[in-house]
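Here is the structure we will look at.
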Amino acid sequence: MSTTVENVACPFCGCLCDDIIVETEGTKILKVKLACSSGQGIFMDYDPRPRRPLVHGSEVEWSEAVAEAARILSAADSPLIYGLSSSASEAQRKAVALADKIGAVIDSTSSVCHGPTGLAMQAVGEPTCTLGEVRDRADLVVFWGCNPDASHLRHFPRFSLTAKGTLTPNGRSDRTMYVIDVRPTGSSKKADHFLQIEVGSDYEVLTTLRLLVRGGEPSSDVVGGVPVAELKELAERMKSCRYGVAFMGMGLTMAPARQLNVAELFTLVAELNDHAKFSVIPMRGHGNVTGADQVLSWTTGYPFAVSFARGYPQFMPGEFTAVDMLARKAADAAVIIASDPGAHFPAAAAAHLERIPTIVFDHGPSVVAAKADVLFPTAAYGVDAGGTAYRMDNVPIPLTQVIETDRPTDEEILDRIIEAVD
Amino acid sequence: MLGIIGGRVYDPQNDKAGEIGDIWVKDGRIVPAAEVDREKAEIIDAAGLVVMAGGVDIHAHIVGGEVNAGRKLRPEDHRGKERAHSGSLRAGAGGTVPSTYATGQLYSELGYTTVMQASTAPLMARHTHEELEDTPNVDNGAFMVMGNNHIVMQSIADKQFDRARDYVAWLLQATRGYAIKLVNPGGVENWKWGRNVAELDDEVIGYGVTPRQIMETLATIADDLGLPHAAHIHGINLGRHTSARTSIETIKALDGHRAHLCHLQFLSYGSGKGHVHKSEAVAVAEAVNASPKLTVDVGQVVFGRATTMTCDGPLQHTLHNTAGGRWMNDDVEGESGGGIVPIEYKPGNPINATMWLTGLELFLLIDDPWKVFLTTDHPNAGTFSNYPQIIRLLMDRGYREEMIATLHPRARKGALLAELDREYSLGDIAVITRSGPARALGLKDKGHLGVGADADIAVYEERDDKEAMFARPRYVFKAGELVARDGAVLKQVAGRTYSVAPDYDPSIEDDLRAHFKAAYTVSYDNYAMLSGDGARIETVACG
């Protein structure tokens, strides 16, 4: 007999849509309603069969794998713990506890996506809001260097474009939408105004907008390939809107000038609050990457790139970020939790990861999982494990266990390693 | 089992003002001497030492979304203030916004054992509870902000008082909250339009209700539901030269209700010469003295670094435009908002000096110590680690004079504080740091050393320098376990979270399900923490 679970949160992306309906029978998921195609995949493609852990490719008992992980970590001088963004905050908290106990460096996937956003926030602050405010109030939405049409498929209908709210009863027609990007995208096709800027000109365009908001006059007619008249129109709309929201993505964080781009946008948004109400929301990618920032901040004071090597937390992006730790050959063992740096890291970092012992937590196949010295095939949060995750606007959302499982969670295994390690 | 023998006991609730006495502990509670087997008990010789209940902080921002944004915002704040991993003690970051484990450890080192989280937007309640789980050594609870809540305001507009009351009761259960908190009622909603409120009868945009109506309604609901703590109010005009006037009007408007006005120092200013506020502590204290059901905490400014963080969004924007520098804002759908601005208070700044004077004047002009409690509105006016310095200022007039001499001349000139002779006694300190806040919170087992109380105990060596005395307790016990000695934490123990579960008409749930579909981006079932584990959560009775 099948069971229907309502109001399930989809753990795929930072939208954490929590209105999903899942039909299950025993350990099988029969049907998923309301989820986008990415979310469908999270549930429908999941292989719930329990698997045994692997040590050097051979199946072993869980206790043996825990003992081997503890042995590797006890022997390491400079262990690295990385990933976290597709795990629940309960497991993230355990990962920090492990780092604290063994003097590890701990970093999340933030450092290769919105790390610069965090640095910009530390530099200038961040006027933000929850996604419900966008839905209810926003009459001007600006998407800069992001493409939710491809990356966050329900962002437009649930929150930011066609969503209907108290002050936006007509949805799309109550909003003006801008996209600023270096190339046309699915999102730009939906925009009222698309400003295609030259690659690498984000900072210049943002600075020009700040100048225009202050009533200044740029010395040239074209900035970043865009006529100043169009930027003037945007600046005027920004100053006169009821509630404006800027969304920003990796088009800003991974373009030249990185955190300086983001800080310039955050400053522009802050200054706009002297004229209108304006907020900014970073488009966080992985389901609980925001939670990784939160958990690291409350346990260590810092959002990512934290070292416990001296017994207390130290924060230094560029030193304690995972790519840099690996590329510099500064890590001599790694715990990878629910991410795949083997597939996504620069060659030098990925190559070092192959040289050092790795302990991998993953519910499915990945490059690092295939080469792990110890592999824990744990449950997937939001599918066969419950927990807590944080939406891109920092709203905590419970993840539901929708099917029964014999798999342990990341949290349980981390707890056992913490017990076992010296 | 434990005996603390021969100490000078300051336990104002049980009329002990330094009498020599013994305290006996079994299973985490204080028991009669006859229940303890002296042969097996650990005996602490407290001869010559001062024995008090563990400290109770009625208002501090220690956990949750806003606090965590403050931690993340200020890496420079933690550097040089780190705490290393040691034995079972977790490492952490200190500074004005310490990490959770450090927060619990630092409170233990001060002899504090209970702390209330001053504000949480209900939508973010799960976050607050996650952090409370990671905050050791203090029992705790969280106040839920409701002063700009759409359902509350709509119910007032529709004259549906019962709906507002049932909703508030449901919300406290759904968020595992402890008390009703108001922050700039109406002003935060107006800030979402780029505006604020300035008078008790100003209108909230879109609702037509007023700050006065919101405060009266929520104070009435707190009474009707029999909540252990009164409505906890951060009023309108915080930091403005009109704040003393509107604070006094607020006290009058709340006449007949229980209420707690928090960090009143920030709301006790009038206009002085040359755009510098002046203290109106005399008038505000007079209003407090005349209101038998009112309690307040001060939010005393301490010179040095601080991080301002409140749900008062428009205030933080004003502060950002005044002070410059970094600014966080967060508008929370249907409920609240907030902001963060780092700051440093300096004695040479006439405005900062006036704020400092205003707080101390309130302490000394409010007659009954059971009505005024020690806080710094941590980390807004200073950190909780500064409490010993404030205790010294209250107990030592000579030290006050030394400090006054360092103030900016414009603030110092004619300051009333210099004329106030009053010095707090150790018994008074026990009231404003323990017994008074515990009583105002309705925590019957806290803040005293009578039989049945929780064995949360701080033992101090009496010294002339009261700052040194309170900064370094000889022993601190949490539920009978020694957690700190000689000002250094020894051990981490889990704290309890107190919540309330007032009754409501269950038909409100269908109403709210429909409302959530229309007005929230989170589903009713995922918002409410009505089921699930609550092992650490202890319900305090209403009524």
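Same order as they appear, the protein sequences are chains C and L. Residue numbers for the first sequence follow the numbering used here, beginning at 457 and rising by one. Residue numbers for the second sequence follow the numbering used here, beginning at 2 and rising by one. Glycine included, every Cβ here is placed at the ideal spot set by N, Cα and C. Note that this is a predicted model, so its numbers are computed, not measured.
Discussion item. For ASN149 of chain L and GLU190 of chain L, which I take to be in contact (beta-carbon distance under 8 Å), what is that distance rounded to the nearest angstrom?
Written reply: 4 Å
Worksheet item: Can you name the residues of chain L whose CB is closer than 7 Å to the CB of LEU609 of chain C?
Response: Result: empty, since nearest Cβ-Cβ is about 16 Å, beyond 7 Å.
Discussion item. What ranges does the alpha helix (DSSP H) occupy inside the segment 728-776 of chain C, keeping only unbroken runs of at least 4 residues that lie completely in it?
Written reply: Runs of alpha helix (DSSP H) with 4 or more residues, each lying fully within the segment 728-776 of chain C, are found at 745-756, listed in chain order.
Worksheet item: In three-state terms, what does DSSP make of PRO613 of chain C?
Response: helix
Worksheet item: What separation, rounded to the nearest whole angstrom, lies between the Cα atoms of VAL598 of chain C and ASP780 of chain C?
Response: 33 Å
Discussion item. Whole angstroms are fine: how far does the CA of GLU468 of chain L sit from the CA of ILE391 of chain L?
Written reply: 8 Å
Discussion item. With a threshold of 6 Å on Cβ separation, who are the neighbours of ARG306 of chain L within its own chain once the five nearest residues in sequence on each side are excluded?
Written reply: THR97 and GLU345
Worksheet entry | Cross-strand partners of ILE636 of chain C (DSSP beta bridge) | C:TRP600 and C:LEU651, per the DSSP bridge assignment.
Discussion item. As an exercise, report each continuous beta strand (DSSP E) stretch of at least 3 residues that is fully enclosed by the segment 493-530 of chain C, in chain order.
Written reply: Within the segment 493-530 of chain C, no complete beta strand (DSSP E) segment of 3 residues or longer occurs.
Item to complete: May I ask you to list, following chain order, the residues of the segment 201-226 of chain L that have a beta carbon less than 9 Å from some beta carbon of chain C?
Response: Of all residues in the segment 201-226 of chain L, GLY207 have a Cβ within less than 9 Å of some Cβ in chain C.
Item to complete: Pick out the complete beta strand (DSSP E) segments inside the segment 430-463 of chain L, 3 residues or longer, and give them in chain order.
Response: Every beta strand (DSSP E) stretch that sits fully inside the segment 430-463 of chain L and reaches 3 residues is listed by chain position as 458-462.
Worksheet item: When you check each C-beta in the segment 565-587 of chain C against every C-beta of chain L, which residues fall closer than 9 Å?
Response: GLY574, MET577, GLN578, ALA579, VAL580, GLY581, GLU582, PRO583, THR584, CYS585, THR586 and LEU587
Discussion item. I'd like to know whether the C-beta of SER545 of chain C is nearer than 9 Å to at least one C-beta of chain L.
Written reply: yes
Worksheet item: Exposed or buried, which one is PRO465 of chain L when buried takes at least 16 other CB atoms within 10 Å?
Response: For the record, residue 465 of chain L in the displayed sequence is Asp; it is not Pro. Exposed.
Worksheet item: According to DSSP, is ASN322 of chain L helix, strand or coil?
Response: helix
Worksheet item: Of all the options L:TYR476, L:LEU228 and L:SER292, which has the alpha carbon lying nearest to the alpha carbon of ILE458 of chain L?
Response: Ranking the options by Cα distance to ILE458 of chain L, first place goes to L:TYR476.
Worksheet item: Quick one: is PRO76 of chain L near chain C, going by C-beta distance under 9 Å?
Response: yes
Discussion item. Strictly below 8 Å CB to CB, what residues from chain C border TRP25 of chain L?
Written reply: In chain order: nothing, as chain C lies at least about 36 Å away.
Worksheet item: Along chain C, in chain order, which residues have C-beta atoms closer than 8 Å to that of TYR521 of chain L?
Response: GLY588
Fill in: Length at least 3, wholly inside the segment 220-258 of chain L: the beta strand (DSSP E) runs in chain order
232-235
Worksheet item: For ARG670 of chain C, which residues from the same chain have a beta carbon less than 6 Å from its beta carbon, with the 5 sequence-adjacent residues on both sides left out?
Response: none
Discussion item. Counting C-beta neighbours from all protein chains within 10 Å, is the total for SER675 of chain C 16 or more, i.e. buried, or is it exposed?
Written reply: Classification of SER675 of chain C: exposed, given that the 10 Å Cβ count is below 16.
Worksheet item: Do we get a CB-CB distance below 9 Å when we pair GLY470 of chain C with the residues of chain L?
Response: no
Fill in: Integer Cβ distance of VAL169 of chain L from MET147 of chain L, believed to fall under 8 Å
7 Å
Discussion item. Applying the 10 Å Cβ sphere with the 16-neighbour rule, what's the burial state of GLU463 of chain L?
Written reply: Label assigned to GLU463 of chain L: exposed.
Worksheet entry | Run of the alpha helix (DSSP H) containing ALA835 of chain C, from where it starts to where it stops | No alpha helix (DSSP H) contains ALA835 of chain C, which DSSP labels as neither H nor E.
Worksheet entry | Complete beta strand (DSSP E) runs within the segment 83-127 of chain L (minimum length 3 residues, chain order) | Segments of the beta strand (DSSP E) lying fully in the segment 83-127 of chain L: 113-121.
Worksheet item: With a Cβ-Cβ cutoff of 9 Å, do VAL10 of chain L and TRP25 of chain L count as a contact?
Response: no
Fill in: Residues bridged to ILE6 of chain L (per DSSP)
L:ASP46
Worksheet item: The beta strand (DSSP E) spanning THR355 of chain L covers which residue range?
Response: First-last for THR355 of chain L: 351-366, but that is the alpha helix (DSSP H), not the beta strand (DSSP E).
Worksheet item: From C:ALA765, C:LYS688 and C:ALA551, pick the residue whose C-alpha is nearest to that of ALA85 of chain L; which is it?
Response: C:ALA765
Practice prompt. For chain C, find out if any of its Cβ atoms is closer than 9 Å to the Cβ of VAL116 of chain L; answer yes or no.
Written response: no
Fill in: 7 Å Cβ shell around THR834 of chain C - same chain, five flanking residues per side excluded
Once the five neighbours on either side are set aside, the close Cβ partners of THR834 of chain C are PHE817, HIS819, ARG863, PRO864, THR865, ASP866 and ILE869.
Worksheet item: Alpha carbon to alpha carbon, how far is GLY642 of chain C from HIS242 of chain L?
Response: Their Cα atoms are separated by approximately 52 Å.
Discussion item. Which of the three DSSP states is assigned to LYS489 of chain C in this structure?
Written reply: strand
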